[in-house]
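The structure appears below as structure tokens.
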């Protein structure tokens with residue numbers, strides 16, 4: 001279960017992505033990725049403030065911002081098929 005305060009804290013850090021360290025942005029992206037894909041709760045991120053922050057990230061001229069947060073927007077690769085031997 002994902003607590004709403006975790007999303008709130010991530011949203012606050014996402015608003016300041018341009019002043020955060022690369023490591024902080026990586027951690028925020030990883031947290032949001034886990035909420036969406038591992039916890040299977042994408043609805044937790046359906047907030048206008050998060051959408052606006054993601055728009056700012058995508059408009060950023062610095063490529064490292066887009067690389068960090070692209071993991072949230074793309075699904076993880078499927079697991080390898082099990083060997084039937």
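In full-length UniProt numbering, the protein residues as written are 1 to 85. The beta carbon of each residue, even a glycine, is placed where N, CA and C say it ideally should be. The structure presented is a predicted model; accordingly, all values stated were derived computationally and were not measured.
For residue 33, which three-state DSSP category applies?
Counting from one through the chain shown, the residue named residue 33 turns up at place 33. Three-state result, residue 33: helix.
For residue 20, name the three-state secondary structure that DSSP assigns.
For the purposes of this step, residue 20 is identified with residue 20 of the chain shown, where counting begins at 1. Three-state result, residue 20: coil.
By DSSP, does residue 60 sit in helix, in strand, or in coil?
Position 60 of the chain shown, counted from the start, is the residue given in the question as residue 60. Here residue 60 sits in coil by DSSP.
Out of 39, 13, 42 and 63, which has the shortest C-alpha to C-alpha gap to residue 27?
Locating residue 27 in the chain shown gives position 27, where the first residue counts as 1. The option with the nearest alpha carbon to residue 27 is 13.
Residue 7, enclosing alpha helix (DSSP H) - first and last residue:
For the purposes of this step, residue 7 is taken as residue 7 along the chain shown, with counting starting at 1. Segment 4-15, the alpha helix (DSSP H) holding residue 7.
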